[in-house]
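In terms of the working numbering, the sequence shown opens at residue 11 and continues consecutively.
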Amino acid sequence: MTVETNTPSCWILTDGKIGMVNQCLGLARALGVAPDLKTVDLRAPWRWLPPALNPARLSTITPQSSALVPPWPDLLIASGRRSIAPARAVRKASEGRTFCIQIQDPGISSTAFDLVVAPAHDRLRGDNVISTLGSLHGVDAAALDAARQAFAQRMSSLPHPIAAVLLGGDNTVYRMTERIGDVLADQLRGLAQDKGWSLAITPSRRTPSSVLDAIRPKLQGLNVDIWDEQDPNPYLGFLAHADAIIVTGDSVNMVSEAAATGKPIHVVNLEGGSEKFERFHDAMTRQGVTRPFAGTLHSWEYDPPDDMSGIGAEILRRMTAARAG
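1. Which word fits Arg333, buried or exposed, when buried means at least 16 other C-beta atoms lie within 10 angstroms of its C-beta?
2. Lys286 by DSSP, collapsed to three states: which one?
3. Count the other CB atoms within 10 Å of the CB of Gln33; is the residue buried (16 or more) or exposed (fewer)?
4. Who are the near neighbours of Asp132 in its chain, counting only those whose CB is closer than 6 Å to its CB and skipping five residues on each side?
5. Please return the same chain residues whose Cβ sits closer than 7 Å to the Cβ of His308, not counting the five positions on each side in sequence.
6. Pull up the distance between the alpha-carbon of Val50 and that of Ile255, whole angstroms please.
7. Suppose only complete runs of 4+ residues qualify. What are the alpha helix (DSSP H) ranges in the segment 124-199, listed by chain order?
8. Going by DSSP, which residues form a beta bridge with Glu281?
9. Going by DSSP in three states, Val234 sits in which element: helix, strand or coil?
10. When you compare the segment 35-45 with the segment 137-148, are there three or more beta-carbon pairs, one atom per stretch, that lie closer than 8 Å?
11. Sorted by chain position, which residues of the same chain lie with C-beta nearer than 6 Å to Glu14's C-beta, five sequence neighbours on each side aside?
12. List the endpoints of the continuous beta strand (DSSP E) containing Phe109.
13. With a CB to CB cut of under 7 Å and the five nearest residues on each side skipped, what residues in its chain are close to Ser284?
14. If you reduce the DSSP assignment to three classes, tell me which class Glu14 lands in.
15. Determine the burial state of Val79: buried for a count of at least 16 other Cβ atoms within 10 Å of its Cβ, exposed for fewer.
16. Count the other CB atoms within 10 Å of the CB of Thr12; is the residue buried (16 or more) or exposed (fewer)?
17. Note down, one range per segment and in chain order, each alpha helix (DSSP H) of at least 4 residues found wholly within the segment 25-71.
Spelled out as structure tokens, the structure:
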């Protein structure tokens with residue numbers, strides 16, 4: 011515990027990918043702790059091996075990784091495959107005093123950690139597993155209000171109704187092909203040109219350049235704002251000001267964050283997929299959160315999924331019980 015506030019000291023341990031970092035930050039926010047962000051990578055051959063074959067030793071991380079040295083934190087929140095071995099090593103080095111939380115299915119027994127928080131579509135079970143509908147995040151009313159004010163001037167040039175368009179891209183199971191990009195570009199042009207929608211578009215680092223090359227010329231002269239990836243990311247500002255949301259289906263994070271707004275979410279199907287993703291999308295559709303995007307935007311209401319509410323209290327309860335035990 012820190013002397014000044016009596017709150018748990020906390021490390022966040024990831025490989026630096028923004029999706030992983032945001033999930034950890036969202037949980038830290040729910041817990042009311044101020045985390046120290048640590049970025050790690052694994053040496054060869056550990057980086058190529060599955061987590062079950064990685065030893066719980068700090069020597070597995072590269073010299074370029076953040077220093078993992080005492081004093082050990084009261085709480086460690088980790089996410090991502092390359093965080094698993096060093097997270098276990100910190101837990102071991104602290105002789106169990108560091109309460110270790112792994113976000114998402116670690117691919118090894120959940121008993122290697124004090125707690126695992128994983129989405130329900132991972133189908134992970136255990137006494138120390140907490141299941142959520144989607145991914146953890148920090149998008150709440152306060153964050154949206156702050157973003158609404160921060161990006162008010164930028165958004166003033168776009169008349170309502172506004173559709174936020176969140177573009178992902180290729181990953182291990184989905185592909186955003188040129189054909190999908192061409193179809194999406196035509197659909198977006200139809201919304202802006204024929205239906206009077208303004209479009210606030212934010213790509214990710216995974217968005218193929220061919221897709222953006224297809225979209226930009228077809229939207230010239232219309233009420234459109236496409237983030238150039240140079241200015242501060244307006245992602246939250248776009249969500250805050252939007253009347254409806256279009257999001258590609260490759261990212262559980264983006265769909266989960268969009269769902270926190272309570273606004274209609276239209277999902278763009280990409281090529282590929284997996285059973286886990288299908289379970290997630292089916293659950294979101296059944297709860298009335300999302301609908302497929304087919305070129306038209308609809309209006310409906312739903313209760314935003316409330317994964318974050320109460321999760322902080324439950325984790326603090328388990329931390330207290332673990333220390334007492």
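Ideal placement from N, C-alpha and C gives every residue a C-beta, glycine not left out.
Quick look at the numbers:
1. exposed
2. helix
3. buried
4. Asp115
5. Pro274 and Arg301
6. 34 Å
7. 151-160 and 162-165
8. Arg185
9. strand
10. yes
11. At Glu14 the pLDDT is 47, less than 50, meaning the model places this residue with poor confidence; the figure from the coordinates comes in the next sentence. The answer is none, since no qualifying residue turns up.
12. Phe109 to Ile113
13. Val183
14. Confidence in Glu14 is poor, its pLDDT being 47 and thus under 50, which makes the residue's placement too unreliable to answer from.
15. exposed
16. Residue confidence is low: Thr12 scores 46 on pLDDT, short of 50, so the model does not pin down where it sits. Its coordinate-derived value is still stated next. With fewer than 16 other Cβ atoms within 10 Å, it is exposed.
17. 28-41
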